[in-house]
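Chains as they are written, first to last, in our numbering: chain B, 616 to 904; chain W, 16 to 299.
The beta carbon of each residue, even a glycine, is placed where N, CA and C say it ideally should be.
Have a look at the structure below, then the notes.
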């Protein structure tokens, strides 16, 4: 390949950029490990799951059970995904294949706008509108359900937009071929478009799941933040992220360090999700070829 | 083709010039800081006291142009720890300080009441001390049992580490694990919004913030305690007991500039600022 002097300068600059962004992730991970080491060392992994409660500021020994918060984080995210996935994929199908051009364009803009609304705004809306509605229905109001609804609203645009992108990547030949075979629009979407866009859909859902797990402010404002294993949808819960946001500013020593452990747990879960997404999309790409 | 390469070539040059300018700017700003070297006072601690101290600090900086007041929040315990470790010159603590907690000096700059709040439409106008203990420890689960309407009680508690929680627990002689809460909140504003949106809720927040929001028409009301209203006068003469001092702490024999700042913060010159921040000034 022909390489001029400017090309090599530019490629070094680009290499530098890539290296910096890669190094940041490694640095963050290392920093988290260092910060959480005192807690892991003094408390041990097991006690984060087996202690009787979360009471890190109690007189020695404090109690550090994170299990209810891990469960809450997972429940809130799964609930939100279950709600947002059909809505997101459905609206993408609508925009792409059913809506009149004008309506579809406007709808798409609205979804893009939704994706840009800051999470605190969703949280505030949830706190002053959604939570009182749930409270009048079934007190206390701030609950697992409120968290799921708010999160579903927040990840809906992610799923919808990524699904639209996946549909656009489906080769037009497939659709023409399907039309030539005389298949109806519904049949084409169900049997041609969706299977062809499958890996894109998986990635969309998993990235939305990552976003749901990591969301903090909106969840903190609507879930009530009581550390407990919920027995019903109307029970308040506290997620790992809300716990970190609420206590980090006031935490010291082992307490602070144990909050970094929960950060590490969260990061591990998200990395796991991303790897799964990568694996799944690679496998389905293999299956296609 | 040649035109295109020309275009490509100019970009790295532009970038280099930009880099150079940026470096020069950084260099200049650094040298400027080092030549003046203002005296700094680092203040850390309670997020309740921080806005007040930040305002007082601004006024102090106007009077002493070569002084920088650096205010950081992180909770009362952080304030104490930072002063003890020598990271901060002054710590902000929004509660009483036990003598064994600090080997240094304590200065009160203002008072803040902690008030129980309910939704404005809650017909109940008074609760006794025993009833409040029963509500927050979960012995009572319905408003009917304390003489109110028929409805489930929703207890709003503060997150661990907040000094409003410590003041509340200390006053009602409750242990943290005794409290049965339905909602745990972080700051006062979140507490007020939560109670304003829930007819069944009861919570406690800083009286100053509650009064400020009531003035703006937020749907909450402050309850009297043992028949005493949480007014500024009652907090100052200690007839309203659920209150806390806002303190500044230092190590033993602080630096003269630090002492001057603390004297300023206690003086009548800052009375207007204290009122503006909805706290009760100690000087009356």
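Applying the criterion that 16 or more other CB atoms from any shown protein chain within 10 Å of the CB defines a buried residue, is residue i buried or exposed?
| i | result |
| --- | --- |
| residue 54 of chain W | exposed |
| residue 669 of chain B | buried |
| residue 646 of chain B | exposed |
| residue 791 of chain B | exposed |
| residue 787 of chain B | exposed |
| residue 192 of chain W | exposed |
| residue 671 of chain B | buried |
| residue 240 of chain W | buried |
| residue 626 of chain B | exposed |
| residue 845 of chain B | buried |
| residue 208 of chain W | buried |
| residue 92 of chain W | buried |
| residue 759 of chain B | buried |
| residue 158 of chain W | buried |
| residue 50 of chain W | The predicted position of residue 50 of chain W is uncertain, since its pLDDT is 43 and thus under 50; a value taken from the coordinates is nonetheless stated next. So residue 50 of chain W ends up on the exposed side. |
| residue 871 of chain B | buried |
| residue 865 of chain B | buried |
| residue 198 of chain W | buried |
| residue 278 of chain W | exposed |
Which chain W residues are close to residue i, counting only those with a beta carbon under 7 Å from its beta carbon?
| i | result |
| --- | --- |
| residue 589 of chain B | No information on residue 589 of chain B is available, as it lies outside the stretch 616 to 904 that chain B covers here. |
| residue 881 of chain B | The premise fails here: residue 881 of chain B is roughly 19 Å from chain W at the closest Cβ pair, so nothing lies under 7 Å. |
| residue 861 of chain B | 174, 201 |
| residue 631 of chain B | Per Cβ cutoff of 7 Å: no residues; residue 631 of chain B is ~12 Å from chain W at best. |
With a threshold of 7 Å, establish whether the CB of residue i neighbours any heavy atom of the ligand ZN.
| i | result |
| --- | --- |
| residue 149 of chain W | The ligand ZN is absent from the structure shown, which contains no ligands of any kind. |
Going by DSSP, what residues sit across from residue i in a beta bridge?
| i | result |
| --- | --- |
| residue 221 of chain W | W/129 |
| residue 261 of chain W | W/125 |
| residue 243 of chain W | W/240 |
| residue 171 of chain W | W/198 |
| residue 296 of chain W | W/125 |
| residue 852 of chain B | B/839 |
| residue 83 of chain W | W/55 |
| residue 669 of chain B | B/679 |
| residue 266 of chain W | W/119 |
| residue 858 of chain B | None; residue 858 of chain B has no bridge partner. |
| residue 60 of chain W | W/88, W/107 |
| residue 216 of chain W | W/169 |
| residue 134 of chain W | W/235 |
Could you give the distance in angstroms between the alpha-carbon of residue i and the alpha-carbon of residue j?
| i | j | result |
| --- | --- | --- |
| residue 47 of chain W | residue 84 of chain W | In this predicted model, residue 47 of chain W has a pLDDT of only 45, less than 50, meaning its place in the structure is not dependable; the value taken from the coordinates is given anyway. Those two C-alpha atoms are separated by around 18 Å. |
| residue 235 of chain W | residue 172 of chain W | 16 Å |
| residue 38 of chain W | residue 629 of chain B | With a pLDDT of only 49 at residue 38 of chain W, under 50, the local geometry of the prediction cannot be trusted, and the value read off the model is given with reservation. Taking the straight line from one Cα to the other gives about 20 Å. |
| residue 654 of chain B | residue 889 of chain B | 27 Å |
| residue 770 of chain B | residue 103 of chain W | 42 Å |
| residue 107 of chain W | residue 94 of chain W | 6 Å |
| residue 256 of chain W | residue 773 of chain B | 52 Å |
| residue 44 of chain W | residue 149 of chain W | Confidence at residue 44 of chain W is low in this model, with a pLDDT of 47, below 50, so the placement of that residue is unreliable and no value is reported for it. |
| residue 805 of chain B | residue 848 of chain B | 33 Å |
| residue 168 of chain W | residue 885 of chain B | 38 Å |
| residue 815 of chain B | residue 701 of chain B | 15 Å |
| residue 901 of chain B | residue 895 of chain B | 10 Å |
| residue 751 of chain B | residue 687 of chain B | 23 Å |
| residue 663 of chain B | residue 76 of chain W | 47 Å |
| residue 231 of chain W | residue 778 of chain B | 45 Å |
| residue 800 of chain B | residue 898 of chain B | 28 Å |
| residue 119 of chain W | residue 98 of chain W | 9 Å |
| residue 269 of chain W | residue 288 of chain W | 24 Å |
| residue 17 of chain W | residue 631 of chain B | At residue 17 of chain W the pLDDT is 42, less than 50, meaning the model places this residue with poor confidence and gives no usable figure here. |
| residue 56 of chain W | residue 87 of chain W | 11 Å |
How would you list, in chain order, the residues of chain B whose beta-carbon sits under 8 Å from the beta-carbon of residue i?
| i | result |
| --- | --- |
| residue 196 of chain W | 841 |
| residue 205 of chain W | 742, 836 |
Just to check my reading of the structure: residue i and residue j have Cβ atoms closer than 8 Å, yes? What is that Cβ distance to the nearest angstrom?
| i | j | result |
| --- | --- | --- |
| residue 726 of chain B | residue 706 of chain B | 7 Å |
| residue 280 of chain W | residue 71 of chain W | 5 Å |
| residue 272 of chain W | residue 82 of chain W | 7 Å |
| residue 200 of chain W | residue 174 of chain W | 7 Å |
| residue 741 of chain B | residue 761 of chain B | 6 Å |
| residue 873 of chain B | residue 658 of chain B | 7 Å |
| residue 218 of chain W | residue 132 of chain W | 6 Å |
| residue 823 of chain B | residue 699 of chain B | 7 Å |
| residue 258 of chain W | residue 126 of chain W | 6 Å |
| residue 876 of chain B | residue 854 of chain B | Not a contact, Cβ separation roughly 15 Å. |
Could you work out which residues of chain W lie near residue i, taking near to mean beta carbons separated by less than 9 Å?
| i | result |
| --- | --- |
| residue 670 of chain B | 175, 191, 192 |
| residue 676 of chain B | By Cβ distance, chain W contributes nothing, its closest Cβ being about 14 Å from residue 676 of chain B, past 9 Å. |
In chain W, which residues lie less than 8 Å from residue i when you measure between Cβ atoms?
| i | result |
| --- | --- |
| residue 565 of chain B | Since the first residue shown for chain B is 616 and the last is 904, residue 565 of chain B is missing from the structure and cannot be characterised. |
| residue 746 of chain B | 209, 212, 213 |
| residue 777 of chain B | Those within 8 Å of residue 777 of chain B in chain W number zero; the least Cβ separation is about 32 Å. |
Run down chain B in chain order and give the residues with a C-beta less than 7 Å from the C-beta of residue i.
| i | result |
| --- | --- |
| residue 167 of chain W | 754 |
Just the chain B side, please: which residues come within less than 9 Å of residue i by C-beta, in chain order?
| i | result |
| --- | --- |
| residue 88 of chain W | 864 |
Within the 8 Å Cβ cut-off, does residue i reach chain D?
| i | result |
| --- | --- |
| residue 750 of chain B | Chain labels in this structure do not include chain D; the protein chains are B and W. |
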